[in-house]
Amino acid sequence: MPRYQRPTGTLDILPEDQHYWDHVRARARRLAELAGFERIDVPMFEATQLFARGIGAGTDVVDKEMYTFTDKGGKQLTLRPEFTAGVMRAYIENGLHVHLQPVKLYSFGPTFRYDRPQAGRYRQFTQFNVEILGDQDPAADVEVMALVWDLYAGLGFRNLEFQLNSTGCPRCRPGYVAVLKSYYAEHLDEICEDCRRRLERSPLRVLDCKAGRCQSVIAGAPHFLDHLCHECAEHLHTLREYLDLLGRRYAINHRLVRGLDYYTKTVFEVWAAGIGAQAAVCGGGRYDGLIELLGGPPTPGVGVAVGLERIILVMKGLDVEVPSLPTPRVFVAHLGSRAKREALRLVHALRHADVGAWLSYGERGLKSQLREAGKRGVRYAVILGEDELATGAATVRDMDAGEQVSVELAELVDWLSGRG
RNA sequence: GUGGGUGUAGCCUAAGGGUUAGGGCACCUGGUUGUGGCCCAGGAGAUUGUGGGUUCGAAUCCCACCACUCACCCCA
Numbered sequence: 016m017p018r019y020q021r022p023t024g025t026l027d028i029l030p031e032d033q034h035y036w037d038h039v040r041a042r043a044r045r046l047a048e049l050a051g052f053e054r055i056d057v058p059m060f061e062a063t064q065l066f067a068r069g070i071g072a073g074t075d076v077v078d079k080e081m082y083t084f085t086d087k088g089g090k091q092l093t094l095r096p097e098f099t100a101g102v103m104r105a106y107i108e109n110g111l112h113v114h115l116q117p118v119k120l121y122s123f124g125p126t127f128r129y130d131r132p133q134a135g136r137y138r139q140f141t142q143f144n145v146e147i148l149g150d151q152d153p154a155a156d157v158e159v160m161a162l163v164w165d166l167y168a169g170l171g172f173r174n175l176e177f178q179l180n181s182t183g184c185p186r187c188r189p190g191y192v193a194v195l196k197s198y199y200a201e202h203l204d205e206i207c208e209d210c211r212r213r214l215e216r217s218p219l220r221v222l223d224c225k226a227g228r229c230q231s232v233i234a235g236a237p238h239f240l241d242h243l244c245h246e247c248a249e250h251l252h253t254l255r256e257y258l259d260l261l262g263r264r265y266a267i268n269h270r271l272v273r274g275l276d277y278y279t280k281t282v283f284e285v286w287a288a289g290i291g292a293q294a295a296v297c298g299g300g301r302y303d304g305l306i307e308l309l310g311g312p313p314t315p316g317v318g319v320a321v322g323l324e325r326i327i328l329v330m331k332g333l334d335v336e337v338p339s340l341p342t343p344r345v346f347v348a349h350l351g352s353r354a355k356r357e358a359l360r361l362v363h364a365l366r367h368a369d370v371g372a373w374l375s376y377g378e379r380g381l382k383s384q385l386r387e388a389g390k391r392g393v394r395y396a397v398i399l400g401e402d403e404l405a406t407g408a409a410t411v412r413d414m415d416a417g418e419q420v421s422v423e424l425a426e427l428v429d430w431l432s433g434r435g
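Residues 16 to 435, numbered by my numbering, are exactly what the first sequence covers, in order.
So, in C-alpha cells, the structure goes:
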C-alpha cells in the first residue's frame, strides 16, 4: 500500500488547533454582524472566465496560480483563487443590485492558488472576506478597514498600521502611467529585466519590484498621489481624515500596488511581524469598475480579504491565549454487562440534558477506565457496577478532589447537570 | 518556475561504514478482589522518505526522485 500524504501546500487542522480557528471565526463573524454585514456563501469553483476577466489576464494569479480543470461536460472551471469575483457574480446573478444599497457581505472559506509553499503561504488557504457594494462613500472604505483592524486588535495584535495608497481611476491612471513610463524611459539601463517587461504589461507593478538594482529608480519615481484626479484625491483625503478620526494608524506607501487588476482608488494591506516573508495579513481596496466589467450595472465596491492561517501564525507567535473548546465533563465507567447497558442509557440521558458525557468502551477493569477518565480531563467519573445496580445508586467520583459520593440513579442526571 | 536547508516509530531524538537501529514523550498491560494522576516493571510500535549505486558489510558514502522547510517570485 502506498503511504498517502496530504497534497503539497495543504494543511491538516488537527483537533488541538481547532480552538484557534473557532475563536478567529467567531470574532470575525461578530464584528461583521455588528456592522451590518450579512453572510454569503458562493461556490468553491466558478467558470474560469469569471476569474480571468475579474482578476485580469496578465496577473500572476490568473496566469500561473489557478487550479483549472475541465469537467465531464467539457466546462472550464477553476477553484476560486479569491472571493471577490465570485461574490460579484452572485451579486449580479441574484439581483442584489436592486436591493437596498449598499449591500454588505462577508464570507469564509478555502481559496486555492498553485504556488510554492513557504512560511505563511499555502496552496489551500482560508479567507475571511468582506465587501461593501453599491456606495462610493469613503466611509465604506474606512468601515472595511476598521473592521479588520478591530479583528486584529481584538486577537492580541500590537503595533498595527495600515499600508495605504491609491491606484487612481480610469480617468487619472493613464496620465500617471504615462508619467511613470517616461520617467522609467530615462532609466531603462538601470532596471531589472522583469521591470522592463512589467513596464509593458502592468506598469504600476514596477513600483513594488524587490530587485536591488531597481530600488534607487523606484525611490526617485513619481508618486501616483501627485497625479490623482480631483475626485480620487478628494476620496483619499476624506478617507485619511476618517482614519485619523478613528485613530487607525496608517502609512502612505507609494509602492503599494496590488496584484489584482480590479483595484481603483484605495488599496491597503496590513503587515505582521514574525511570520516570515509572507507578512501581508490582509489586503484590500476599492474596485469601482469590477461589477460593470463582469456584466452588471455600474456599481462601486470596496472590500478586504483576510488570511486566517497567517493570523493564527501570528497568534501563536504572540502566545495569545485562546479559550479551549468544550469537552465532556462526565465519564461513565461500568463493570459487567448489565451495568454497561445502564451506562449506555445514562450517557444519552446526560447529553439530552445538555451535559457532555463519555461512554467507556469495551469491558475493562475499573483502573483502566478511570485512567482514561483522568486523561480525558473530565470533572466527574460515574461508576456503575453490580453494587450500584443493587442499591440503585451510582458512585460519582470527583476527579479533581479525589472524593466520591453515592447518588441515586433517578437523580443522577439532575445532580450532574446542576454542577456545571 | 529558481535557489538553499532537512528527511531515523504519532512526536522529539541517538548511532557519522561493522552484530537483533538506542533513548525520551505519548500509547497499552501489570504492580491480587471494583478506583485515575506519581512511582516501578513489562509490552507494542521503524521496510532509517523512495529507488538505484559503491562496498564483504550502508541509517551512515554517491546519484536520482519524492516530500517537508526557508527564501526568490507573488500574495492572504
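Quick reminder that beta carbons are idealized off the backbone N, C-alpha and C, glycines included.
Euclidean distance between Cα positions of residue i and residue j
i	j	result
Leu427	Glu418	17 angstroms
Phe298	Val345	A small fix is needed here, since residue 298 is Gly in this sequence, not Phe. One C-alpha to the other measures close to 45 angstroms.
Gly433	Tyr19	47 angstroms
Asp415	Arg394	6 angstroms
Arg255	Asp223	22 angstroms
Met103	Leu305	8 angstroms
Leu361	Ala155	54 angstroms
Pro237	Tyr257	26 angstroms
Gly371	Leu359	13 angstroms
Asp130	Ser383	48 angstroms
Val335	Ser217	40 angstroms
Cys244	Gly235	21 angstroms
Ile326	Ala134	12 angstroms
Ile290	His38	19 angstroms
Asp413	Tyr35	29 angstroms
Asp402	Arg353	11 angstroms
Arg228	Arg212	15 angstroms
Ile70	Tyr302	11 angstroms
Met330	Phe123	19 angstroms
Asp152	Trp430	58 angstroms
Tyr167	Arg220	28 angstroms
Lys390	Leu29	18 angstroms
Residues near residue i in its chain [Cβ-Cβ closer than 8 angstroms; skip 5 each side]
i	result
Leu240	Asn180, Ser181, Ala248, Leu251, Ile267, His269
Gly311	Met103, Tyr106, Ile107, His112
Asp27	Arg21
Gly392	Thr342
Lys90	Ala62
Arg366	Ala372
Residue burial classification, residue i (beta-carbon count within 10 angstroms, cutoff 16)
i	result
Ser375	buried
Lys119	buried
Leu271	buried
Gln33	exposed
Thr99	buried
Ala226	exposed
Arg263	buried
Phe84	exposed
Pro338	exposed
Lys355	buried
Val296	buried
Arg54	exposed
Leu350	buried
Glu357	buried
Residues of its chain near residue i, where Cβ-Cβ distance is below 6 angstroms and the 5 sequence neighbours each way are ignored
i	result
Val232	His202, Glu205, Ile206
Ile398	Ala348, Thr410
Supposed contact pair residue j and residue i - C-beta distance, whole angstroms, cut 8 angstroms
i	j	result
Glu423	Ala405	Not quite, the Cβ-Cβ distance comes to about 13 angstroms (not below 8 angstroms), so this is no contact.
Thr279	Gly183	7 angstroms
Arg136	Gln293	5 angstroms
Phe140	Thr126	6 angstroms
Gln178	Glu246	Not really, about 23 angstroms apart at Cβ, beyond 8 angstroms.
Ala396	Ala348	6 angstroms
Thr314	Leu148	6 angstroms
Tyr300	His242	It should be noted that the sequence gives Gly, not Tyr, for residue 300. That belief does not hold up - the Cβ atoms of Gly300 and His242 are roughly 18 angstroms apart, past 8 angstroms.
Leu260	Thr74	Not a contact, Cβ separation roughly 34 angstroms.
Close beta carbons around residue i, own chain, < 7 angstroms, minus the five adjacent residues each side
i	result
Val145	Ala47, Phe52, Tyr121, Val159, Leu162, Gly318, Val319
Phe66	Val77, Met81, Thr93, Pro96, Ala100
Thr23	Pro132, Arg138
Arg273	Val282, Gly298, Gly300
Bridge partners - residue i, DSSP secondary structure assignment
i	result
Asp369	Asp369 pairs with nothing; no bridge assigned.
Pro125	Thr141
Asp413	Tyr395, Glu418
His349	Leu399
Glu357	Answer is none; Glu357 lacks a bridge partner.
Asn436	Any answer about residue 436 is impossible in this case: the structure gives the chain only from 16 up to 435.
Leu179	Ile267, Phe283
Ile147	Lys119, Val317
Gln230	None; Gln230 has no bridge partner.
Asp374	Per the sequence shown, residue 374 should be read as Leu rather than Asp. Answer is Val347.
Arg136	Gln133
Gly298	Glu284, Ala320
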